[in-house]
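FYI, the numbering for the sequence shown is 0 to 330, going by numbering that gives the first Met the number 0.
We put the CB at the ideal spot given by N, CA and C, even for glycine.
Each remark here refers to the structure printed beneath this line.
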Amino acid sequence: MAEITDYAFRTIAKKYGAGLTFTQMVSADGVVKNNFKTLRMLTFSRDERPIGVQLLGNDPEIIGRAVRDLVKFKPSVIDLNCGCPVEKVYGNQMGAYLLSQPEKLAKLVSVMVKNSNGIPISIKIRLSPKDKVNVLENAKIIADNGASIIIVHARNKKDRYNIEADWEWIAKVKDEVNIPVVGNGSVFAAEDAVEMMNQTKCDAVLVARGALGNPFIFKQIEFLKRGEKFTPSIEEIARVAVDHVTILEKEQDFIISLDRAKKNIIWYFKYQNGIENLIDELYSAKSFENLKEIINTHSNNLLDGKYCQVNVDEIKEKFNSRVLFWLAKEE
Ligand SMILES: Cc1cc2nc3c(=O)[nH]c(=O)nc-3n(C[C@H](O)[C@H](O)[C@H](O)COP(=O)(O)O)c2cc1C
Numbered sequence: 000m001a002e003i004t005d006y007a008f009r010t011i012a013k014k015y016g017a018g019l020t021f022t023q024m025v026s027a028d029g030v031v032k033n034n035f036k037t038l039r040m041l042t043f044s045r046d047e048r049p050i051g052v053q054l055l056g057n058d059p060e061i062i063g064r065a066v067r068d069l070v071k072f073k074p075s076v077i078d079l080n081c082g083c084p085v086e087k088v089y090g091n092q093m094g095a096y097l098l099s100q101p102e103k104l105a106k107l108v109s110v111m112v113k114n115s116n117g118i119p120i121s122i123k124i125r126l127s128p129k130d131k132v133n134v135l136e137n138a139k140i141i142a143d144n145g146a147s148i149i150i151v152h153a154r155n156k157k158d159r160y161n162i163e164a165d166w167e168w169i170a171k172v173k174d175e176v177n178i179p180v181v182g183n184g185s186v187f188a189a190e191d192a193v194e195m196m197n198q199t200k201c202d203a204v205l206v207a208r209g210a211l212g213n214p215f216i217f218k219q220i221e222f223l224k225r226g227e228k229f230t231p232s233i234e235e236i237a238r239v240a241v242d243h244v245t246i247l248e249k250e251q252d253f254i255i256s257l258d259r260a261k262k263n264i265i266w267y268f269k270y271q272n273g274i275e276n277l278i279d280e281l282y283s284a285k286s287f288e289n290l291k292e293i294i295n296t297h298s299n300n301l302l303d304g305k306y307c308q309v310n311v312d313e314i315k316e317k318f319n320s321r322v323l324f325w326l327a328k329e330e
């Protein structure tokens, strides 16, 4: 997830059992030009493997060169984004636009495979814009041109992130191709992941928004598969939130990290009482020390039962539809 799955986020997700994480999407053009910001976004450390990197682009020549460059870093998977609905991306004929360009898609997949030196290529798609059957055609093109994995985000471009994902199409893609299929969309709890696997027979589940402030979901999925339950205590949530802030503090420059840390802290505590108080406190925080104090005070207040009951369903609804922006004042 753009501006989210940085080193801190991935490290904590992995600690709680994520089987594979991804660095943030980067432009293939930026990779071949050695753009500083681009390279920084795709940097990962060796002990993060297995880890994937994701490219955005539409020019076979540039994509091929970018894959060749990426091979040197030895990622575990190289993915092509064919699902991004953002206008800036779609309007430039990249991301989800490629879903309606079968010939281009075929060419891009084959050029990636040819240049990957054996590193598995994955392609992340959405359901197709008009006729969902088209998703099966795209899946077939992807498999026939040598990709190793298909990741299916079971919504179409128009629906962005707003409606329930339509998992039926993950099952249909699974029936259509002989390569591993990763299901994605609307996995907000361990129960959803297990249900998706049972319903669609997909080979793996990709968790996106469900992992925001909730690295525990990966452990919860593992537990649930064994018929057990794992619930982190407030103390554990606070400890992980402080660790998250500490890693961010070391990894990135001050302005980016401070804002990013605030965002993540809110996510960690989003379903707990007192979230509005926490948000108010965080807005004016000016240092990492300050953030850690706020987390500790907040978790102590929670343990002491100082806050009124929040309506979790209301927060969930707001959060799932507004993602990052749910904190912005509604007009
Ligand atoms: C803030 C945000 C940023 C995202 N960035 C990317 C991205 O860079 N690449 C990508 O393939 N998907 C990206 N996605 C989409 C997610 O990977 C995922 O497909 C989508 O959120 C659906 O899963 P969910 O309903 O479980 O959240 C992003 C989603 C969000 C909310």
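Between K123 and V88, the gap from beta carbon to beta carbon reaches 9 Å or more. Counting the other CB atoms within 10 Å of its CB gives R259 a total of 16 or more, which places it among the buried residues.
For L302, the closest alpha carbon among the candidates K315, N272, Y282 and N276 is that of N272. Measuring C-alpha to C-alpha distances from N213 to each of A1, A12, Y6 and I3 identifies A12 as the nearest. By the C-beta density criterion, Y15 is buried, having at least 16 other C-beta atoms within 10 angstroms.
Taking a cut-off of 8 Å on C-beta distances, the segment 279–290 does not touch the segment 160–179, as fewer than three cross pairs fall below it. N300 has its alpha-carbon roughly 49 Å from the corresponding atom of D28.
Three or more Cβ pairs closer than 8 Å define a contact, and the segment 262–272 meets that threshold against the segment 211–229. The three-state secondary structure of G94, taken from DSSP, is helix.
The three-state reading of DSSP puts K285 in coil, since its state is none of H, G, I, E or B.
For N155, the shortest separation between its Cβ and any heavy atom of ligand 1 does not lie below 8 Å. In the DSSP assignment, N183 forms a beta bridge with H152 and L205. With fewer than 16 other Cβ atoms inside 10 Å of its own Cβ, R39 counts as exposed. Annotation: I169 is outside any beta strand (DSSP E); the continuous alpha helix (DSSP H) that includes it extends over E167 to E175.
Distance from the CA of L104 to the CA of T230, rounded to the nearest whole angstrom, comes to 43 Å. Note on geometry: alpha-carbon atoms of K73 and A164 lie some 33 Å from one another. Judged by their CB atoms, I178 and I148 are nearer to each other than the 9 Å cut-off.
Each residue's CA atom was taken as its position, placing A1 and H297 some 28 Å apart.
The beta carbons of V108 and L79 sit closer together than 9 Å. A direct Cα-Cα distance of roughly 32 Å separates Y6 from N144. Judged by DSSP in its simplified three-state form, G63 adopts helix. Beta-carbon to beta-carbon, L19 and S99 are separated by about 29 Å, too far to satisfy the 8 Å threshold.
Under the three-state reduction of DSSP output, N33 falls in the coil class, being neither helix nor strand. When I61, N137 and S127 are compared, the shortest CA-CA separation from K157 is found for S127. With the rule of 3 Cβ pairs closer than 8 Å, the segment 109–119 counts as touching the segment 64–72. Of the other Cβ atoms in all chains shown, 16 or more fall within 10 Å of the Cβ of T4; this residue is therefore buried. DSSP places S121 in the strand class (E or B) of the three-state scheme. The beta carbon of V309 sits closer than 7 Å to the beta carbons of N272 and I274 from its chain, once the five residues preceding and following it are set aside; these are given in chain order.
For the options L55, P59, E250 and V181, the alpha carbon positioned closest to that of F43 is the one of E250.
If you look at Q198, you'll find it isn't in any beta strand (DSSP E); it sits in the alpha helix (DSSP H) that goes A189 to T199. In the structure shown, the three-state DSSP call for S232 is coil.
V180 sits close to A138, with the two beta carbons spaced by under 9 Å.
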